[in-house]
Amino acid sequence: MSAHPSLLWRAFTSLTFVVIACSFGTVAIAQNTDRPELPHGPLRQTILLGETLVRQTDTHPLTREFVGNSLQCSSCHLDGGQHPQAATFIGVAAAYPAWAPREQKVITLEDRILNCFLRSQNGTRPAAGSEPSVAIAAYITWLSEGTKLKMNAKQSLGPHHITMLTSPKLPASIDRGKQLYADRCQDCHADNGSGTDDGPAVWGDESYNDGAGLAKVPKLASWLKVAMPPDEADLSVQASFDLAAYLNSHPRPHFEPPALSVPHIETPAAQ
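Using the working numbering, you'd call the opening residue of the sequence shown number 86 and step up by one each time.
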């Protein structure tokens, strides 16, 4: 394979940005003629804030305390969730409330957003109904305008979720993946996976933890196939599995589910 600049979670410098000021501060909004029309008033400001938080999750004052690594939502949901294939947000809101097999319960869109802070961003959940939670949900809902409502009774995924790849003929090879990484990824993500100014960490303390969906080789391979390199995805199925196996062979933070709070129940005193 020929070398290629940036393969994983590269900063999306190819986008053209329009800077819009609102009461929440300065927000960078990518130009996209296919986006729905923004509403007016406070809802518009909340949507714009939501996009900013998606793109600046690890640095924005409203979300940085809840992020335990150096990833943004847009590290996996490319182009601020507007990429048509790479974990797109388009249409997602129409699938909720949805059944979540991982949590074994029905969850809301806000629940799904907040769970990403725990796993993909190795952090803690903002409170449901808090400013960042509502803003990100408003942004995703705006991107879902016009999508037919169809709650997902099988899994918490939107209508345009990543299609899982069929396993290749050859088993995934860490050794082949290592060579792929050296040839095509390490210039932007460092030879030790710690990331550079051009691309965030892909393993280690600053990457997603082992409870994230991408910590599973088939899920990561399916994402790589449609997402990397950005705007020029050209990996074969075999290469996607090999690279995913190599990336996930490295240490990363361990996911510790938050302890469930059990309400204290007063019992009658013994007579």
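Don't be surprised by glycine CBs; every beta carbon is placed ideally from N, CA and C.
Supposed contact pair residue j and residue i - C-beta distance, whole angstroms, cut 8 Å
i, j, result
"residue 225", "residue 174", "5 Å"
"residue 218", "residue 195", "5 Å"
"residue 278", "residue 339", "Contact flag wrong, Cβ pair sits at about 17 Å."
"residue 182", "residue 249", "Not really, about 23 Å apart at Cβ, beyond 8 Å."
"residue 337", "residue 284", "Their Cβ separation, rounded to whole angstroms, is 16 Å, which puts residue 337 and residue 284 out of contact at 8 Å."
"residue 211", "residue 228", "That belief does not hold up - the Cβ atoms of residue 211 and residue 228 are roughly 20 Å apart, past 8 Å."
Paired residues, beta bridge with residue i - DSSP
i, result
"residue 191", "184"
"residue 284", "281"
Residue i and residue j closer than 8 Å at C-beta
i, j, result
"residue 310", "residue 292", "no"
"residue 192", "residue 135", "no"
"residue 157", "residue 142", "yes"
"residue 132", "residue 138", "no"
"residue 213", "residue 128", "no"
"residue 255", "residue 323", "yes"
"residue 312", "residue 171", "yes"
"residue 307", "residue 247", "yes"
"residue 155", "residue 296", "no"
Which of helix, strand or coil DSSP assigns to residue i
i, result
"residue 298", "helix"
"residue 337", "coil"
"residue 154", "coil"
"residue 305", "helix"
"residue 316", "coil"
"residue 146", "coil"
"residue 220", "helix"
"residue 210", "coil"
"residue 243", "coil"
"residue 200", "helix"
I'd like to know if the region 328-346 and the region 256-263 are in contact, where contact means that at least 3 CB-CB pairs between them fall below 8 Å. Yes: at least three Cβ pairs fall under 8 Å.
Is the region 232-244 in contact with the region 177-188, if contact means three or more CB pairs nearer than 8 Å? Taking a cut-off of 8 Å on C-beta distances, the region 232-244 touches the region 177-188, as three or more cross pairs fall below it.
Is the region 145-163 touching the region 203-210 in the sense that three or more CB pairs, one from each, lie closer than 8 Å? Segments in contact, yes.
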